[in-house]
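Peer 1: Take a look at this one; I'll ask things after.
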Amino acid sequence: MTIDPKALRYAATHEWVSVDSSGVGTVGISAFAVEELTDLVFMALPKVGVAVVAGEEFGEVESVKAVSPLYSPISGEVIEVHTSLPDQLEILGSDPYTQGWIMKVKLSSPSELDSLMDFDAYQKQCSGS
Amino acid sequence: MATISSTPLTQWHRSQNARMADFAGYDMPIQYSGIVFEHIATRTAAGLFDISHMGRLRFEGPRADQLLDHVLTRRVLDMKNGQVRYSLICNEEGGVLDDVLVSCLESPSGRGEYFLLVVNASNRDKIVRWLQPHLADFPDVTMTDVTDQTAMIAIQGPKAMEICKPLFQSSIENLGYYKSRVTQQMGKPTIISRTGYTGEDGLELIVKAEDAMRVWENILLSGRDLGVTPVGLGARDTLRLEAGMPLYGHELDETVNPYQADLGFAVSLKERSFIGSEAMTSLQSTPSKQKRVGLLIEGMRAARQGAAVLDPDLLASDSADSTNAGSTSIGLVTSGSHSPTLNRPIAMAYIDRFKSAIGSKVVIDVRGAKVQAEICSYPFYTRKST
Numbered sequence: 013m014t015i016d017p018k019a020l021r022y023a024a025t026h027e028w029v030s031v032d033s034s035g036v037g038t039v040g041i042s043a044f045a046v047e048e049l050t051d052l053v054f055m056a057l058p059k060v061g062v063a064v065v066a067g068e069e070f071g072e073v074e075s076v077k078a079v080s081p082l083y084s085p086i087s088g089e090v091i092e093v094h095t096s097l098p099d100q101l102e103i104l105g106s107d108p109y110t111q112g113w114i115m116k117v118k119l120s121s122p123s124e125l126d127s128l129m130d131f132d133a134y135q136k137q138c139s140g141s
Numbered sequence: 084m085a086t087i088s089s090t091p092l093t094q095w096h097r098s099q100n101a102r103m104a105d106f107a108g109y110d111m112p113i114q115y116s117g118i119v120f121e122h123i124a125t126r127t128a129a130g131l132f133d134i135s136h137m138g139r140l141r142f143e144g145p146r147a148d149q150l151l152d153h154v155l156t157r158r159v160l161d162m163k164n165g166q167v168r169y170s171l172i173c174n175e176e177g178g179v180l181d182d183v184l185v186s187c188l189e190s191p192s193g194r195g196e197y198f199l200l201v202v203n204a205s206n207r208d209k210i211v212r213w214l215q216p217h218l219a220d221f222p223d224v225t226m227t228d229v230t231d232q233t234a235m236i237a238i239q240g241p242k243a244m245e246i247c248k249p250l251f252q253s254s255i256e257n258l259g260y261y262k263s264r265v266t267q268q269m270g271k272p273t274i275i276s277r278t279g280y281t282g283e284d285g286l287e288l289i290v291k292a293e294d295a296m297r298v299w300e301n302i303l304l305s306g307r308d309l310g311v312t313p314v315g316l317g318a319r320d321t322l323r324l325e326a327g328m329p330l331y332g333h334e335l336d337e338t339v340n341p342y343q344a345d346l347g348f349a350v351s352l353k354e355r356s357f358i359g360s361e362a363m364t365s366l367q368s369t370p371s372k373q374k375r376v377g378l379l380i381e382g383m384r385a386a387r388q389g390a391a392v393l394d395p396d397l398l399a400s401d402s403a404d405s406t407n408a409g410s411t412s413i414g415l416v417t418s419g420s421h422s423p424t425l426n427r428p429i430a431m432a433y434i435d436r437f438k439s440a441i442g443s444k445v446v447i448d449v450r451g452a453k454v455q456a457e458i459c460s461y462p463f464y465t466r467k468s469t
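Protein chains in written order, with my numbering: chain A, 13 to 141; chain B, 84 to 469.
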């Protein structure tokens, strides 16, 4: 399945989420974030079963220059983690929205999606307007 | 708050969409295409660096050498025209105020020689203030801060000399390592030094501010087919770290003395008296509590400045009491990053001397995660001799 970036919801902190009909949200980071970070060398992922909270840190991504926290755009339980991603971080450069997914979360408060940005609003934030 | 200054090349960096940041009050490029690309380009071809933020102080007068000999840890009195030396400036207690390059240069008017001191951007104001009272003791010496009327450009890498040859011709022929010359580049005065901060061969140039853009573009043009690339301060930091070179504010500050920092070579005590020499005579003969070492780190997570280095034996005997980390600490990381050449994280640290043997295993607390590392010597990278 290919994820269309235009159909995603975005957090101001550059994470995206795509929610399927069963209430499971797939989370990743945007192409803009990957471009800004550059030279990614490490990613710390959450464990399956832990609870993540919207707006709170669930992992970190490290570039040559600095470490950046990853913030969950939604709350819920982590049901799947892309464990092979840290060993092939270059995927985030080529395909951050499909192959570059980070975790899947069973949403506990689907209404949180309303407070996230749509593609147009997120594009506006990234272009600094 | 002081306003942010531009270098003569800031507009060019912005026009290339470089990522910019305030560094010691200057609007400087951190990266253009990316740190790893720029780093590897410098190691394999050549990197071009705007280092105009570095402070440049010029000393003239019959006793300029005596003044500098009094404030620098390295001997200046015997310096000949065209020599460059790495030195420290220390306080009376032997604490490091700055690390500098001092050059003895021929005056363009042919009226003898003058000295140029290149200081860290972040220390420039402090060093100027530090030197003021000493200047008063040498009324025939003038100090001129020429930082803002000049630009400083480094070209570093295995192809650096080849790229510069058509531009500087005879003036860089037979220019040895740590030697410098005052020359003309298309009729414009230029100071050329065979020095650098990357572990590569290359040059550092000082030109008039108004000539900087032309020199910069000429080097890019001359090096285009040889792979020259502009390099920002991000890769400058990873390059110097691999080369084991200290950075003020990381490996050096006023609480560190030259011997602890493994910079004894930059102190000449023999038959000299200079600021800090008395303290250094005893510091030299007393092993410091801590020692600068290199660290090779397991995994891909880099230990950065301030990370605690822990003793694995004490950690093991400390059993479950993880809140007790302070008692197992044997040192602190001063600089750390992913090494593009080795493709793994490396670091420099100060470690308790009796725990600092090369090959010892240690544990580093990287933001709460316990990461394995091994103490190693530095540099982490040495260029193949040419």
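Backbone N, C-alpha and C define an ideal beta-carbon position, used for all residues, glycine too.
Here the structure is a predicted model, which is why all the values come from computation and not from measurement.
Between B:Q367 and the rest of its own chain, which residues show a CB-CB distance below 8 Å, the 5 nearest in sequence each way excluded?
Peer 2: Y342, G347, V350 and L352
Peer 1: Candidates B:V449, B:G451, B:R466 and B:K444: which alpha carbon is nearest B:E457's?
Peer 2: Relative to B:E457, the option among B:V449, B:G451, B:R466 and B:K444 whose CA is nearest is B:K444.
Peer 1: Can you tell me which of the three DSSP states B:R139 falls into?
Peer 2: strand
Peer 1: Given 8 Å as the limit, is there contact between the region 381-393 of chain B and the region 418-437 of chain B, that is, 3 or more CB pairs closer than that?
Peer 2: yes
Peer 1: Indicate whether at least one CB of chain A lies closer than 8 Å to the CB of B:S439.
Peer 2: no
Peer 1: Closer than 7 Å between beta carbons: that is the criterion. Which residues of the region 80-97 of chain A meet it against chain B?
Peer 2: From the region 80-97 of chain A, no residue has a Cβ closer than 7 Å to chain B.
Peer 1: Using a Cβ-Cβ cut-off of less than 8 Å, give me the residues of the region 15-37 of chain A that come near chain B, in sequence order.
Peer 2: Per Cβ criterion, the list is empty.
Peer 1: Between which residues of its own chain and B:A440 is the CB-CB distance below 8 Å, once the five residues before and five after are set aside?
Peer 2: Cβ neighbours of B:A440 beyond the five flanking positions: I458.
Peer 1: Go ahead and label A:V62 buried or exposed: buried means 16 or more other beta carbons lie within 10 angstroms of its beta carbon, across all protein chains shown.
Peer 2: Classification for A:V62: exposed.
Peer 1: Give every residue of the same chain whose Cβ lies closer than 7 Å to the Cβ of B:K453, excluding the five residues on either side of it in the sequence, and list them in chain order.
Peer 2: Only V446 meet the Cβ criterion.
Peer 1: For B:S468, name the three-state secondary structure that DSSP assigns.
Peer 2: coil
Peer 1: Less than 6 Å between C-beta atoms, sequence neighbours within five positions excluded: which residues of the same chain meet that for A:K116?
Peer 2: V36, T38, I91 and E92
Peer 1: Look at the alpha carbon of B:N100 and the alpha carbon of B:D133, and state the distance between them as a whole number of angstroms.
Peer 2: 15 Å
Peer 1: Distance cutoff 8 Å, beta carbons only. Does A:V76 sit that close to anything in chain B?
Peer 2: yes
Peer 1: Going by DSSP, what residue range makes up the alpha helix (DSSP H) through B:W299?
Peer 2: A295 to S305
Peer 1: Can you look up B:Q99 in the DSSP assignment and give me helix, strand or coil?
Peer 2: coil
Peer 1: Assess contact between the region 16-34 of chain A and the region 77-96 of chain A, defined as three or more Cβ pairs (one per stretch) separated by less than 8 Å. Is contact present?
Peer 2: yes
Peer 1: Which residues in chain A sit within 9 Å of B:I118, going by Cβ to Cβ distance?
Peer 2: T50, D51, S75, V76 and K77
Peer 1: Can you give me, in chain order, the residues of the region 373-400 of chain B that have a beta carbon less than 9 Å from any beta carbon in chain A?
Peer 2: G382, M383, R384, A385 and R387
Peer 1: Quick one: does B:S418 have its CB under 8 Å from some CB of chain A?
Peer 2: no
Peer 1: Comparing the C-beta of B:T96 with each C-beta of chain A, is any distance below 8 Å?
Peer 2: Note that residue 96 of chain B is His in the sequence shown here, rather than Thr. Answer no: the Cβ-Cβ gap between B:H96 and chain A never drops below 8 Å.
Peer 1: Could you tell me the alpha carbon to alpha carbon distance between B:Y197 and B:A107, rounded to whole angstroms?
Peer 2: 27 Å
Peer 1: Quick one: using the 10 Å Cβ neighbour count with 16 as the cut-off for buried, is B:E283 buried or exposed?
Peer 2: buried
Peer 1: Give a yes or no on whether the minimum CB-CB distance between B:T424 and chain A is below 8 Å.
Peer 2: no
Peer 1: Work out the CA separation of B:A237 and B:G279 for me, nearest whole Å.
Peer 2: 7 Å
Peer 1: At a Cβ threshold of 8 Å, is B:G195 touching chain A?
Peer 2: no
Peer 1: Pick out whichever of A:L57, A:A78, A:V76 and A:S75 has its Cα sitting closest to the Cα of A:E69.
Peer 2: A:L57
Peer 1: Report all residues from its chain with a CB closer than 7 Å to the CB of B:H421; omit the five preceding and five following residues, and keep chain order.
Peer 2: A385 and P428
Peer 1: Among residues of its own chain, excluding the 5 on either side of B:E143, which ones have a beta-carbon nearer than 6 Å to its beta-carbon?
Peer 2: Y197 and T225
Peer 1: For B:G332, which of helix, strand or coil comes out of DSSP?
Peer 2: coil
Peer 1: Whose Cβ in chain A lies nearer than 9 Å to the Cβ of B:G282?
Peer 2: Per Cβ cutoff of 9 Å: no residues; B:G282 is ~17 Å from chain A at best.
Peer 1: Going along the chain, which unbroken runs of the alpha helix (DSSP H) with 4 or more residues stay wholly within the region 230-284 of chain B?
Peer 2: 243-251
Peer 1: Output the residue ranges of the alpha helix (DSSP H) runs that lie fully inside the region 119-201 of chain B and measure 4 residues or longer, sorted by chain position.
Peer 2: DSSP runs (the alpha helix (DSSP H)) wholly in the region 119-201 of chain B: 147-154.
Peer 1: Taking the runs of the beta strand (DSSP E) that are 3 residues or longer, which of them lie wholly in the region 55-81 of chain A?
Peer 2: 69-75
Peer 1: Under 7 Å between beta-carbons, which chain A residues line up against B:H421? List them in chain order, please.
Peer 2: Contacts between B:H421 and chain A, judged by CB atoms closer than 7 Å, involve V53 and V76 in chain order.
Peer 1: So is A:E102 buried or exposed if we call it buried at 16+ other beta carbons inside 10 Å?
Peer 2: exposed
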